[in-house]
Every structure is written in C-alpha cells, then in structure tokens.
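Okay, so here's the structure we're looking at.
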Amino acid sequence: MSAAEAAEARGVSIWAAREATKRHGVKFRDARKDPEFAAANAERMKRRYADPEFAAANAERLRKMSHDPQIAAARAKAMRRLHRDPAFNPLAALTAEERADYDLMKRNKLTRNEALTAIGRKDLIR
C-alpha cells in the first residue's frame, strides 16, 4: 500500500498517513517505482505541460522560487547541514589535520580515493 492509498482509505492527508506510519515503524511501498504508476504519471504530466497556460504559470512559479531570498536561504541552510553530515559527505568525518593532508594530496593531483588512502582513511572510500 502506498501513502496515497492509505491516506485515501483513512480519509486523511498523505502527510498524516506518513506520520502515522513513522510512529508505528511501518514503511510504505514507493508507488513511483511501479511501472503502471510511472506510465500513468508520465501521461498526466504530458497532458498538463501540453496546456500552454499551465506551462507558463509553472515557469513563472519556478522563476519566483529561484529568486526568492527566503527559499535561497533555506536551500543554503539545508545544503550546509548535508555537507556537515558524514553519511552524505565523508570528508566531514575528517579531523582538521586529516583534512589539511587531504587537501594537500588533492592539490598534488591525487584522486579522491588515492588521497583518502594516503592519509589512512580507506574507510571513507565509497
């Protein structure tokens, strides 16, 4: 069952259905990976973008979003948080000394994996 199907069955929003499953430790299947759903969604999006009025309104919305200072600040904050997370950015796990050595290796044209091996952090190689 997908989040949308569960929300419809319970008569709540998709967000509320997802929050309820988080509390109970249940995972929904990702409906986007279903070939039938993907084909139907692609067809729906083709119809929407074929409408010039929708396409123009969507382009304007995206243009406003890309120049909105609040959205830019939120995006920058999220990216800074991600780059500090060692699960997302393995280099965040390096100590200051290891990072200085890594940067020196990179300046000397070593690849990322070679530099991590040289400083003794093979555990960070993906």
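Using UniProt numbering, the letters of the sequence shown map in sequence onto residues 1 to 126.
Backbone N, C-alpha and C define an ideal beta-carbon position, used for all residues, glycine too.
Check	Outcome
For Gly120 and His67, I'd like the C-alpha separation in whole angstroms.	43 Å
Decide if Ala4 is buried, meaning its Cβ has at least 16 other Cβ atoms within 10 Å, or exposed.	exposed
Tell me which residue opens and which closes the alpha helix (DSSP H) that Met65 is part of.	Pro52 to His67
Since Ala118 and Leu110 are thought to touch, with beta carbons under 8 Å apart, how far apart are those beta carbons, to the nearest angstrom?	7 Å
Could you pull out every residue in the same chain whose Cβ sits closer than 8 Å to the Cβ of Lys27, ignoring the five residues on either side in sequence?	Thr21
Output the distance between the C-alpha atoms of Pro69 and His83, rounded to the nearest integer angstrom.	21 Å
Apart from the five residues just before and just after Lys106, which ones in its own chain have a Cβ nearer than 8 Å to its Cβ?	Arg112 and Ala115
Among Asp34, Lys122, Arg23 and Gly11, which has the Cα closest to the Cα of Ala93?	Lys122
For Ala39, is the classification buried or exposed, using 16 other Cβ atoms within 10 angstroms of its Cβ as the cut-off for buried?	exposed
Exposed or buried, which one is Ala17 when buried takes at least 16 other CB atoms within 10 Å?	buried
Measure the Cβ-Cβ separation of Ala56 and Tyr49 and say whether it is below 7 Å.	no
Exposed or buried, what is Leu62 when buried is set at 16 or more other beta-carbons lying within 10 Å of its beta-carbon?	exposed
With DSSP collapsed to three states, give me the class of Met1.	coil
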